[in-house]
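*Asks:* Read left to right, the sequence shown gives residues 43 to 745 (my numbering).
My questions all concern the structure below.
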Amino acid sequence: MARTVRQSSGKPATIHDQKLVRANGGELHQIAEEGTEVLTTAQGGPVTDDQNTLKIGQRGPTLIEDFHFREKIFHFDHERIPERVVHARGYGAHGFFETYESLAAYTRADIFQRAGEKTPVFVRFSTVAGSKGSFDLARDVRGFAVKFYTKEGNWDLVGNNIPVFFIQDAIKFPDIIHSVKPEPDRAFPQAQSAHDNFWDFISLTPESMHMIMWVMSDRAIPRSFRFMQGFGVHTFRLVNAKDESTFVKFIWKPKLGMQSVVWNEAVKINGADPDFHRRDLWNAIQSGDFPEWELNLQLFDQEFADSFDFDVLDPTKIIPEEILAPVPVGRLVLDRMPENFFAETEQVAFMTQNVPPGIDFSNDPLLQGRNFSYLDTQLKRLGSPNFTHIPINAPKCPFAHFQQDGHMAMRNPVGRVNYQPNSWGEGPRESPQKGFSTFANPEEGQKVRLRPESFADHYSQARQFFISQTPPEQRHIVMALTFELSKCENPVIRERMVSHLLNIDETLGAAVAEKLGINKLPNPADSAIAPRDDLPASPALSILENGPESFAGRKVGVLVSAGADAALLKKLQAAIEDEGAVMEVIAPKVGGVEAADGSWIEGKHMIDGGPSVLFDAVALILSDEGAERLVGEAAARDFVADAFAHCKFIAFSPEAVPLLQKAGIDPEADEGMIDLGDQKSIATFIQSSRKLRLWSREMAVKL
Ligand code: HDE
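Encoded structure:
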């Protein structure tokens with residue numbers, strides 16, 4: 043029987059004025075009229091009453107023969123499946139990948155054979171440490187998992203927004219994850235690395251130092267999924283039709299450039315809108331502003347790999363883009379939200395071992411371990427080996443095999459033959475030509491449990507990352523480390539971390555020690571091999587060096603009051619929209635305000651519900667009386683004070699000056715304060731906002 047098709051456009055469904063029928067007990071019933079769908083049980087039985095259980099007499103007891111009640115509650119009791127053990131909180135979208143040019147010289151993978159080829163994809167972004175219901179702006183790595191439904195089966199590129207990882211060997215994964223999750227006796231803190239267990243483990247694990255630089259940088263507090271890079275992390279192989287292998291690293295670059303928030307902002311966003319990243323993706327896609335990334339490849343051979351003193355199999359290392367330029371090979375566009383979050387985003391099962399012919403693994407020990415874990419975890423989470431029968435996980439190409447039965451089998455074999463070889467002339471056959479064949483890399487050696495010597499350098503690239511950051515970004519790393527370590531109750535852990543930081547960069551170690559109140563610097567940590575200090579800065583590693591050229595895709599919050607200048611607001615809106623950005627109005631009441639000319643300005647938020655942390659830049663269009671009233675409201679003062687402290691560009695009508703002053707802001711403080719009284723000021727505001735933040739203000743506000 044047909045199920046009600048839910049509205050999926052994202053626009054509010056039309057609300058009908060419902061006729062409800064009152065029954066004996068006074069409760070309201072919504073009765074199916076002629077031609078409307080009848081409510082049924084899961085077995086298809088029509089339901090008479092969905093408000094009352096079956097009872098003896100009006101006041102009970104309830105009867106166990108009430109099969110409708112029992113089925114409804116039984117199903118409800120089993121609605122939850124285990125959340126992902128890591129990356130529990132995530133958000134997904136559908137889209138496509140378009141190949142630019144044939145890569146046949148490097149790979150036989152069908153997805154890369156033809157220019158203009160479009161492959162459907164499903165992408166899930168996530169945080170790592172928090173549970174499913176945690177907030178979006180945790181300081182954390184972000185997952186960036188892409189499932190390509192290729193014509194040769196699913197290819198899952200299960201990456202992160204950071205190109206390195208904490209550990210070098212998969213056997214340490216449960217330890218690093220246990221350490222970052224809530225501590226087992228007290229069950230807190232949630233979605234945070236700022237606690238003893240995490241820093242205890244990290245400070246005893248020098249191989250994590252490069253990753254620590256990344257997770258303490260602004261990369262770990264992205265403005266939205268749309269403004270972050272993605273990385274396959276490991277070295278993979280491409281294999282062509284002649285069985286020649288090329289090493290490859292995968293990099294996603296966002297079309298809108300990179301952007302992050304500041305920590306003080308992140309903390310406040312988590313309170314104001316815990317779904318900040320979800321909402322951003324939802325809004326962008328529903329409004330037709332489809333997020334886009336370019337896939338880049340770093341391609342190299344063994345000889346090139348041998349030219350480094352680190353190992354390309356070590357997942358704590360990168361190959362700087364200045365040494366090996368990434369080549370753009372296609373674009374990823376996200377253009378459709380799932381119709382049902384559970385069915386798609388929650389049930390999607392990414393697996394590193396899903397590779398099509400022409401893409402292969404390297405011996406990176408982390409990747410090898412992941413190839414076991416991802417299949418294993420799906421059985422636990424989805425509960426059946428038939429998880430590929432769920433539409434989001436099923437390939438979109440023809441497939442045929444002899445697997446059968448098991449829980450929830452939805453695709454069952456027809457006919458007599460369920461084995462191979464068979465002489466009935468039925469069923470699929472192997473294909474040496476089309477099938478996946480592993481690259482025949484010669485391997486030999488003794489069975490050992492050893493970390494390769496080539497994995498021994500833990501500090502040189504950490505230092506390279508640090509020196510590649512601009513001064514504001516370096517300051518943010520110092521502040522992040524100070525914040526996190528100040529949450530560690532045990533001073534031994536703080537000092538141990540400082541001893542590692544001194545190996546990375548002396549000024550970094552000393553700055554953090556000073557801010558933690560450690561008066562006597564500890565000795566630098568023992569290192570397996572001497573850290574290099576001659577690796578040159580790599581500008582590609584900085585977010586600020588690689589910001590956007592326009593303000594497109596960003597959001598301006600405009601605070602208005604009754605009596606505001608509607609014409610000015612319209613002009614501002616037109617300029618914002620011309621730039622490809624979005625404007626939202628914040629008003630004392632969500633219903634809006636009457637402008638000076640008698641027109642009505644609709645509100646999107648009331649002041650408490652629309653703090654400035656939700657916007658990339660803000661404007662104030664107030665009347666004299668409006669400003670006077672807002673001066674007395676803490677939320678209005680916070681709106682401007684936060685925008686200023688977070689180094690945002692602020693445009694204001696002259697009437698707003700008293701509000702600025704009351705919040706302690708000099709309207710002429712710097713070039714980030716733009717008076718809308720001037721004719722050209724709207725253009726100046728838009729142009730300035732392209733820089734996203736006025737970082738030179740940061741030292742003055744001492745956030
Ligand atoms: Fe994962 N990881 N991981 N991971 N990972 C999972 O698989 C694991 C690692 C990543 O949106 C789990 O289906 C091990 C690196 C993403 O559904 C699990 C190791 C990178 C996602 C698992 C790693 C990742 C996961 C949990 C060390 C970046 C979310 C649920 C050897 C390249 C995918 C699941 C989604 C999820 C294991 C390390 C990325 C338990 C054992 C490195 C984006 O199988």
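Virtual Cβ for every residue (Gly too), placed ideally from N, Cα, C.
1) Please state whether DSSP places phenylalanine 497 in a helix, a strand or coil.
2) Just checking, does the region 220–239 make contact with the region 319–336 on the three C-beta pairs under 8 Å criterion?
3) Would you be able to state if there are at least three C-beta pairs under 8 Å between the region 593–606 and the region 655–665?
4) Determine the extent of the beta strand (DSSP E) in which glycine 137 is found, giving its start and end residues.
5) Label tyrosine 461 either buried or exposed according to how many other C-beta atoms from any shown protein chain fall within 10 Å of its C-beta, with 16 as the threshold for buried.
6) Out of curiosity, what's the CA-to-CA distance linking glutamine 721 and alanine 608?
7) So, are the CB atoms of proline 362 and serine 580 less than 7 Å apart?
8) Terminal residues of the continuous alpha helix (DSSP H) containing methionine 253?
9) Looking only at its own chain, which residues have a Cβ that is under 6 Å from the Cβ of isoleucine 219, when we skip the five neighbours before and after it?
10) Just to confirm, are threonine 192 and aspartate 152 a CB contact at a threshold of 7 Å?
11) Below 8 Å, how does it come out for the region 408–422 and the region 389–398: are there three or more Cβ pairs, yes or no?
12) Thinking C-beta only, is methionine 255 closer than 7 Å to phenylalanine 507?
13) Lysine 612: buried (16+ other C-beta within 10 angstroms of its C-beta) or exposed?
14) For glutamate 143, which of Arg150, Ala705 and Arg156 has the nearest alpha-carbon?
15) If we ignore side chains and look at the alpha-carbon of each, how far apart do glycine 272 and proline 264 end up?
16) Going by beta carbon distance, what residues of the same chain come within less than 6 Å of serine 738, once the five residues before and after it are set aside?
17) Please report the distance separating the alpha-carbon of glycine 274 from that of lysine 690.
18) Who are the near neighbours of histidine 647 in its chain, counting only those whose CB is closer than 7 Å to its CB and skipping five residues on each side?
19) By Cβ distance, which residues of its chain are closer than 7 Å to arginine 453, with the 5 residues on each side in sequence left out?
20) Using CA coordinates, which residue listed in Gln93, Glu140, Leu62 and Val281 is at the minimum distance from serine 374?
21) Checking 7 Å against the spacing of the C-beta atoms, do serine 176 and arginine 131 come in under that value?
22) State the CB to CB distance for the pair glutamate 125 and lysine 174, rounded to an integer number of angstroms; the pair is presumed to be in contact (CB under 8 Å).
23) Measuring alpha carbon to alpha carbon, tell me which residue in Pro357, Pro248, His58 and Gln301 is nearest arginine 268.
24) Per DSSP, what are the beta-bridge partners of aspartate 717 in this structure?
25) Report yes if the C-beta of leucine 408 is less than 6 Å from at least one heavy atom of the ligand HDE; otherwise report no.
26) When you compare only the Cα positions, how much space is there between alanine 683 and proline 630?
27) List the endpoints of the continuous beta strand (DSSP E) containing asparagine 196.
28) Is the beta carbon of leucine 701 sitting closer than 7 Å to the one on alanine 669?
29) Using the C-alpha atoms, what's the distance from isoleucine 560 back to glutamine 340?
30) Quick test of your reading: histidine 542 and methionine 251, contact by CB under 8 Å. State the CB separation rounded to the nearest angstrom.
31) Using the rule of at least 16 other Cβ atoms within 10 Å of the residue's Cβ for burial, across every protein chain shown, is lysine 476 buried or exposed?
32) Tell me which residues share the same chain as valine 673 and place their Cβ nearer than 6 Å to its Cβ, disregarding the 5 neighbours each side in the sequence.
33) Please look up how many angstroms separate the CB atoms of valine 10 and phenylalanine 154, rounded, as I've assumed it's under 8 Å.
34) Just verifying my parser: in three-state terms, what is the DSSP assignment at tyrosine 416?
35) Less than 6 Å separating the Cβ of histidine 136 from some heavy atom of the ligand HDE?
36) Taking leucine 747 as the reference, which of Pro248, His120 and Pro224 has the closest Cα?
*Replies:* Taking the definition as stated:
1) Helix.
2) Taking one beta carbon from each stretch, the region 220–239 and the region 319–336 have fewer than 3 pairs nearer than 8 Å; the two do not touch.
3) In the pairwise beta carbon analysis, the region 655–665 is classified as touching the region 593–606: at least three pairs are separated by under 8 Å.
4) Annotation: the continuous beta strand (DSSP E) that includes glycine 137 extends over 132–141.
5) Note on tyrosine 461: under 16 other CB atoms within 10 angstroms of its CB, so exposed under the neighbour-count rule.
6) Between glutamine 721 and alanine 608, the C-alpha separation is close to 16 Å.
7) Between proline 362 and serine 580, the CB-CB gap stays under 7 Å.
8) Counted as a single uninterrupted DSSP element, the alpha helix (DSSP H) harbouring methionine 253 occupies residues 251–257.
9) Counting only Cβ-Cβ distances below 6 Å, and skipping sequence neighbours, we find Val128.
10) In this structure, aspartate 152 lies closer than 7 Å to threonine 192 by Cβ.
11) In short, these stretches touch, since the Cβ pair count reaches three.
12) For the pair phenylalanine 507 and methionine 255, the CB atoms are nearer than the 7 Å cut-off.
13) Counting Cβ neighbours within 10 Å, lysine 612 comes out exposed, since fewer than 16 surround it.
14) For the set Arg150, Ala705 and Arg156, the Cα lying nearest the Cα of glutamate 143 is the one of Arg156.
15) So the two alpha carbons sit approximately 12 Å from each other.
16) So the list is empty, once near-sequence residues are dropped.
17) The alpha-carbon separation between glycine 274 and lysine 690 amounts to approximately 33 Å.
18) Close CB contacts of histidine 647 within its chain, under the 7 Å cut and outside five residues either way in sequence, are with Glu626, Ile628 and Val632 (chain order).
19) Around arginine 453: His431.
20) Note on identity: in this sequence residue 374 is leucine, with serine being the wrong assignment. When the alpha-carbon of leucine 374 is set against those of Gln93, Glu140, Leu62 and Val281, the nearest one is in Glu140.
21) Yes, they are a contact pair.
22) Between glutamate 125 and lysine 174 the beta-carbon gap is near 4 Å, inside 8 Å, which marks them as a contact.
23) For the residues Pro357, Pro248, His58 and Gln301, the minimum Cα distance to arginine 268 belongs to Gln301.
24) Paired residues: Phe694.
25) Yes; taking the cut-off as 6 Å, the Cβ of leucine 408 has a heavy atom of the ligand HDE nearer than that.
26) Roughly 17 Å separates the two Cα atoms.
27) Going by DSSP, asparagine 196 is part of the beta strand (DSSP E) stretching over 195–202.
28) Contact flag set, yes.
29) Glutamine 340 and isoleucine 560 have their C-alpha atoms some 42 Å from each other.
30) About 6 Å separates the two Cβ atoms, so the contact holds.
31) Counting the other CB atoms within 10 Å of its CB gives lysine 476 a total below 16, which places it among the exposed residues.
32) Correct list, in chain order: Pro700, Leu701 and Lys704.
33) The structure shown does not extend to residue 10, since the chain is modelled only from 43 to 745, so the question has no answer here.
34) When secondary structure is reduced to three states using DSSP, tyrosine 416 falls in the helix class.
35) Histidine 136 Cβ: outside cutoff for every heavy atom of the ligand HDE.
36) What the structure shows of the chain is the stretch from 43 to 745, and residue 747 is not part of that stretch, so it cannot be assessed.
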